[in-house]
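The structure appears below as structure tokens.
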Amino acid sequence: MLGTRTVRPPGPKGRWLVGNTLDYDRDRMAFLVRCRQEYGDVFSFDERTIVVLDPGLVHDLLTRTNDDFHSESVPLATRIDPERAAADAQAWMTARRKGWHGLNRAVAQAHAGRLRLLFEQTLAETRGETVDVLPVMERFAGLATADFCLGADADGMAEILTENVRAIEPLGGSSQLFPAWWPSRHIRRFLRAREGTLNAVTERIHRRRDKPPADHPQDLLDVLLAAGEPELTEQQVQLLLRGIMLAAFGVPATALTWLVWTLASRPDLHRRVAEEAAAWPGEEAPPLSALPQTEAVVKEVLRLWPPTWLIGRTARRGTTLGEWQLRPDDHVMFSPYLMHRDPRWWTDPDELTPDRWLDPARTPKRHTYIPFGAGPRVCVGTQLGMIQLCLAAHWLTRNHEIRPTTETCAPKFHDLLLPQGFRARFTPRTP
């Protein structure tokens with residue numbers, strides 16, 4: 014129900030013609046912080062966009078996704094057909110439910126076993142030289158994600174995913190959206206990359222279907238093709254694979270770079286993770302239950318530097334959110350970064366304190382920790398991402414030395430929360 018306030022929340026008036034775009038793009042986080050201080054947890058960015066920083070309202074927004082709201086996924090000013098969006102969302106959710114239900118322990122173990130080889134291969138490619146850490150972790154994330162989804166048919170997919178992400182970056186880095194027909198080399202590159210990714214996924218689906226079915230599923234594609242009645246359509250399989258591979262590429266790579274920076278810059282935390290890694294017997298990948306210290310560090314890194322620092326939803330129909338009335342196609346944005354650092358919800362919010370995750374008495378307030386989102390569209394790479402991050406930290410501290418060559422790592426609020434300027438050398442640990 015509407016309250017006593019106006020149907021639109023207050024917000025900065027902006028400049029003539031350009032509104033708040035220039036001020037926002039000049040320093041995105043400073044702009045949002047200033048608006049929250051002046052207008053509160055809900056404010057208008059422009060006539061069609063509001064920003065919500067109240068945990069309860071954000072949770073409401075996320076749980077109503079696929080019903081009153083749909084997820085934004087294309088960085089273009091494209092008019093969205095609400096019925097088509099609803100149909101695509103239903104196809105996505107059907108495929109995802111079947112995929113999650115089929116991901117048994119054998120599939121996870123098969124992937125974890127291959128994951129270590131991919132991680133060691135990626136670090137070996139640096140040859141002990143000083144490197145920009147983010148592209149190295151992107152390389153690993155691409156290989157790992159393609160392996161999880163496609164297994165033996167993952168050949169070449171890491172490079173295709175890299176091109177897709179590179180094509181999205183210039184569009185995701187701007188608050189201005191342009192239609193698909195706009196004469197821009199960035200838009201043309203994005204459309205080519207999207208088509209190339211869909212074609213590559215489709216070709217691998219056909220390749221797998223031409224083979225006898227596996228006795229035991231080894232990857233997500235095996236699981237999806239073995240799904241029971243009703244059988245998933247090719248479009249459903251294609252949508253889920255492409256969505257997971259893109260979601261589980263940039264986000265884990267960015268998170269892993271922040272994690273490596275934390276281990277390199279905090280010797281005390283590096284020592285805790287390394288001691289836990291050394292205590293694990295054998296070379297098989299440990300379960301997360303055996304890595305409580307590592308998981309606590311990962312969770313705290315995701316709290317301080319959530320890769321998806323700003324997330325959006327679009328109203329499918331006229332509706333309300335809290336006290337505010339929304340029209341069809343109105344946009345709602347929220348920032349996990351700001352919610353994770355709000356002193357109302359967190360003690361010492363700007364401090365890196367993994368112990369907060371080891372003390373049951375310090376359980377976060379509900380809905381204030383959302384590094385992977387929530388609700389029916391919760392990030393499909395959540396489980397995969399946590400496994401990859403924890404195991405990468407385990408193998409990194411167990412088998413390698415991190416030698417940073419930079420003293421700072423500055424955050425860049427782009428489409429993802431990118432770590433800038435972090436360079437280091439990775440060398441094998443001597444017995």
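Residues in the sequence shown are numbered consecutively from 14, following the numbering used here. Every residue, glycine too, gets a C-beta built ideally from N, C-alpha and C. Nothing here was measured: the structure is a model prediction, and the numbers come from that model.
Pairwise C-alpha distance: residue j and residue i
i	j	result
V311	Y52	33 Å
S278	A309	17 Å
T139	P319	26 Å
R340	G32	20 Å
G141	L317	29 Å
L30	D59	11 Å
T410	P294	15 Å
D342	Q251	27 Å
D361	R41	23 Å
G209	I173	8 Å
V345	P25	16 Å
D160	T215	16 Å
D94	T246	With a pLDDT of only 48 at D94, under 50, the local geometry of the prediction cannot be trusted, and no value is derived from it.
F435	A206	28 Å
E446	A291	Beyond the ends of the chain as shown, which are 14 and 444, falls residue 446; an answer cannot be given.
G126	A240	24 Å
T440	E364	29 Å
A90	R61	Confidence is the limiting factor: at A90 the pLDDT is only 43, short of 50, which leaves the residue's position unreliable, though a coordinate-based value still follows. If you take the alpha carbons of A90 and R61, they lie about 13 Å apart.
V20	L282	48 Å
G256	Q248	12 Å
E133	R220	28 Å
R97	R442	Confidence at R97 is low in this model, with a pLDDT of 49, below 50, so its placement is unreliable and the value that follows should be read with caution. So the alpha carbons of these two residues sit roughly 53 Å apart.
Q122	Q401	12 Å
P417	H229	42 Å
R390	T419	Because the pLDDT of R390 is 46, which lies under 50, any placement of that residue in the model is unreliable, and the number read from its coordinates should be weighed accordingly. C-alpha separation (whole angstroms): 38 Å.
D372	R28	48 Å
F426	Y37	11 Å
K218	T78	A small correction: the amino acid at residue 218 is Ile; Lys does not occupy that position in the sequence shown. Rounded to whole angstroms, I218 to T78 spans 29 Å at the Cα level.
H124	L238	17 Å
L431	D145	12 Å
R49	N412	45 Å
T376	V55	25 Å
K224	G164	14 Å
R92	P384	Below a pLDDT of 50, predicted positions are generally treated as unreliable, and R92, at 48, falls in that range; no measurement from the model is reported.
Q433	T275	14 Å
The alpha helix (DSSP H) enclosing residue i, as first and last residue numbers
i	result
P305	P305 to L317
I383	Here I383 belongs to no alpha helix (DSSP H), and DSSP marks it neither H nor E.
T34	T34 to R39
T215	R198 to R222
D367	One detail in the question is off: residue 367 reads as Pro in this sequence, not Asp. That residue, P367, is in no alpha helix (DSSP H); it is neither H nor E in DSSP.
L238	L233 to L238
L282	P280 to A292
Check whether residue i and residue j have beta carbons under 8 Å apart
i	j	result
A298	L404	yes
I63	W337	yes
D166	T332	no
F262	T366	no
R202	A180	yes
L75	V65	no
V314	G398	no
E182	D428	yes
A266	L147	yes
L254	L272	no
F347	V71	yes
L136	L156	no
T307	E288	no
A406	V236	no
A227	M170	no
R326	S84	yes
T381	P68	yes
T143	R369	no
Residue(s) in a DSSP beta bridge with residue i
i	result
V64	F56 and M346
E414	T440
F161	Partner(s): none; F161 has no beta bridge.
R28	G32
Q134	Its beta-bridge partners do not exist; DSSP assigns none.
D168	D168 pairs with nothing; no bridge assigned.
Residue interval of the beta strand (DSSP E) (run including residue i)
i	result
H83	F82 to S84
F426	A423 to F426
R326	I324 to A328
P432	L430 to Q433
T78	Where T78 is concerned, there is no enclosing beta strand (DSSP E), given that its DSSP letter is neither H nor E.
L454	No answer is possible for residue 454: the residues shown for the chain start at 14 and end at 444.
L339	W337 to L339
Heavy atom of the ligand MG within 7 Å of residue i beta-carbon
i	result
L402	Looking at this structure, you won't find the ligand MG or any other ligand, since it has none at all.
C-beta neighbour in chain D for residue i, strict 8 Å
i	result
A125	This model lacks chain D altogether, as it is built from one protein chain only.
Pair every Cβ in the segment 334–352 with every Cβ in the segment 293–310, then say whether three or more of these pairs are closer than 8 Å.
Because the criterion of three Cβ pairs below 8 Å is not met, the segment 334–352 and the segment 293–310 do not touch.
Indicate whether the contact test is met: 3 or more Cβ pairs, each with one atom in the segment 319–338 and one in the segment 138–154, closer than 8 Å.
Result no; under three Cβ-Cβ pairs closer than 8 Å.
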